[in-house]
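Working notes, structure below.
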Amino acid sequence: KAGVTQTPRYLIKTRGQQVTLSCSPISGHRSVSWYQQTPGQGLQFLFEYFSETQRNKGNFPGRFSGRQFSNSRSEMNVSTLELGDSALYLCASKGAGGRGEQYFGPGTRLTVT
Amino acid sequence: GESVGLHLPTLSVQEGDNSIINCAYSNSASDYFIWYKQESGKGPQFIIDIRSNMDKRQGQRVTVLLNKTVKHLSLQIAATQPGDSAVYFCAENNYGGSQGNLIFGKGTKLSVKP
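Top line first, the protein sequences correspond to chains C and L. Throughout, the numbering used here is defined as the position within the first sequence, counted from one, plus 1. Throughout, the numbering used here is defined as the position within the second sequence, counted from one, plus 12.
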């Protein structure tokens, strides 16, 4: 079974631009969560989508948004990019049935200049 | 590696020794805990999990211990190998793991000397 895939793997953007990142979960997984990883703040939860609905949300500004499609693929969008948005963005998928472990993709490295 | 913090606690062990990585969690309502391993340039990899109704769980070469009284979690790795070198994160959740909002600790860098 294929793992979680994320595209693109690397991205360079300029302040003020917007960016869209994509995540394809493991086949059959309906939950997709997004995390931001930085050296200073570590791994921080952004939001979780389940069956096309946002189920949980972390403490990030409204510039960070996401969505999930009927095939469980998810995208996250960051508008009006700031230098501090430079980070590794990770998505993770989770199966159903009460099993808690999430499986992470390799991440998208976003650099804002 | 590019995905680790600049000032992570570091644990250095000799190959073949046992490793113990500790984690203090924050929310007394958390009822599901999970350990991840992250190698440089990769996403976190699931190691083992435990629910709050247990205080110990064993996997292959790994054991997780949970002390709810002091909100402490530990990961024991037996016969540590060079391939175990990575950053290790604990994470907690207060939905029994049924929902995806994990709260991560800061991480510990494990360095294995051959």
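For every residue, glycine included, the Cβ atom is placed at its ideal position computed from N, Cα and C. Only a predicted model underlies this, so the values are computations on that prediction, with no experimental measurement involved.
| query | result |
| --- | --- |
| Would you tell me roughly how many angstroms separate the C-alpha atoms of LYS80 (chain L) and CYS102 (chain L), rounded to the nearest one? | 14 Å |
| Assign GLN42 (chain C) to buried or exposed, taking buried as 16 or more other Cβ atoms, counted over all protein chains shown, within 10 Å of its Cβ. | exposed |
| Since VAL5 (chain C) contacts PHE105 (chain C) with CB under 8 Å, what's their CB separation in whole angstroms? | 6 Å |
| With C-beta atoms as the reference, is THR81 (chain C) less than 8 Å away from GLN19 (chain C)? | yes |
| Measuring straight from C-alpha to C-alpha, what distance separates ASP43 (chain L) and ASN106 (chain L)? | 5 Å |
| To be precise: take each residue of the stretch 103-118 of chain L, compare its Cβ to all Cβ atoms of chain C, and keep it if any distance is under 9 Å. Which residues remain? | ALA103, ASN105, TYR107, GLY108, GLY109, SER110, GLN111, GLY112, ASN113, LEU114, ILE115, PHE116, GLY117 and LYS118 |
| If you draw a straight line from the C-alpha of VAL79 (chain C) to the C-alpha of THR21 (chain C), how long is it? | 7 Å |
| Please determine if the stretch 107-124 of chain L and the stretch 41-61 of chain C are in contact, where contact requires at least 3 C-beta pairs separated by less than 8 Å. | yes |
| Go ahead and label VAL82 (chain L) buried or exposed: buried means 16 or more other beta carbons lie within 10 angstroms of its beta carbon, across all protein chains shown. | exposed |
| Distance, Cα to Cα, SER28 (chain C) vs ALA3 (chain C)? | 7 Å |
| Just the Cα atoms here: how many angstroms apart are PRO21 (chain L) and LYS121 (chain L)? | 6 Å |
| For the putative contact between SER25 (chain C) and GLU76 (chain C), defined by C-beta atoms under 8 Å, what is the C-beta separation to the nearest angstrom? | 10 Å between Cβ atoms; not a contact. |
| When DSSP builds the beta bridges, which residues end up paired with GLU76 (chain C)? | C:SER23 and C:ARG68 |
| Do you know whose CA, among L:PRO56, L:GLN88 and L:GLY53, lies nearest ARG69 (chain L)'s CA? | L:GLN88 |
| Just to confirm the assignment, what range does the beta strand (DSSP E) spanning LYS95 (chain C) have? | 88-95 |
| Report the residue ranges of all beta strand (DSSP E) runs contained in full by the stretch 60-92 of chain L; include only those spanning at least 3 residues, in chain order. | 68-70, 74-79 and 84-89 |
| Name the chain L residues whose beta carbon is nearer than 8 Å to that of SER87 (chain C)? | Per Cβ cutoff of 8 Å: no residues; SER87 (chain C) is ~11 Å from chain L at best. |
| By how many angstroms is the C-alpha of TRP47 (chain L) removed from the C-alpha of ASN30 (chain L)? | 17 Å |
| Candidates L:ALA41, L:GLN111 and L:GLU51: which alpha carbon is nearest ALA98 (chain L)'s? | L:GLU51 |
| Report yes or no: is there a C-beta of chain C within less than 8 Å of the C-beta of LYS49 (chain L)? | no |
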